[in-house]
Amino acid sequence: KLELLEAEKYGLDARHSQAVRLYDAAIASAKNSRFIHEQGLACEKAGFYYKKIRDVRNAFDYFQQARGCYEEWGSRVKVEFIRRELDGLNIHYQLTL
Numbered sequence: 072k073l074e075l076l077e078a079e080k081y082g083l084d085a086r087h088s089q090a091v092r093l094y095d096a097a098i099a100s101a102k103n104s105r106f107i108h109e110q111g112l113a114c115e116k117a118g119f120y121y122k123k124i125r126d127v128r129n130a131f132d133y134f135q136q137a138r139g140c141y142e143e144w145g146s147r148v149k150v151e152f153i154r155r156e157l158d159g160l161n162i163h164y165q166l167t168l
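For what it's worth, my numbering labels the leading residue of the sequence shown as 72, then goes sequentially.
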């Protein structure tokens with residue numbers, strides 16, 4: 072959890088390499104601990120970070136991972152929320168082609 076908080080802080084401070092490293096560490100830590108809901112949250116937050124910096128490809132990848140975690144966890148509400156984010160990214164990506 073601390074890694075995720077630090078990733079968010081570094082993201083706000085525009086310290087990209089540290090933020091990315093800590094998002095990935097938070098995801099790996101949650102996965103190793105088998106906390107699928109925390110893994111989903113870390114992936115979701117990473118997706119929003121990449122969306123904020125307009126890196127649609129990475130945002131899409133992290134949101135897909137989040138959706139998979141939330142599906143496994145059984146949270147239909149979070150799956151639907153992430154699906155809407157993915158749909159929005161698809162539209163954005165298609166407009167930039």
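Quick reminder that beta carbons are idealized off the backbone N, C-alpha and C, glycines included.
Secondary structure of phenylalanine 152 (DSSP, three-state): helix. In the three-state scheme derived from DSSP, where H, G and I count as helix and E and B as strand, lysine 72 is classed as coil. Taking the C-beta atoms as reference points, phenylalanine 131 is found no nearer than 9 angstroms to leucine 112.
When rounded, the separation of the alpha-carbon atoms in asparagine 103 and glutamate 109 is 11 angstroms. With a threshold of 16 other beta carbon atoms within 10 Å, alanine 137 meets it and is buried.
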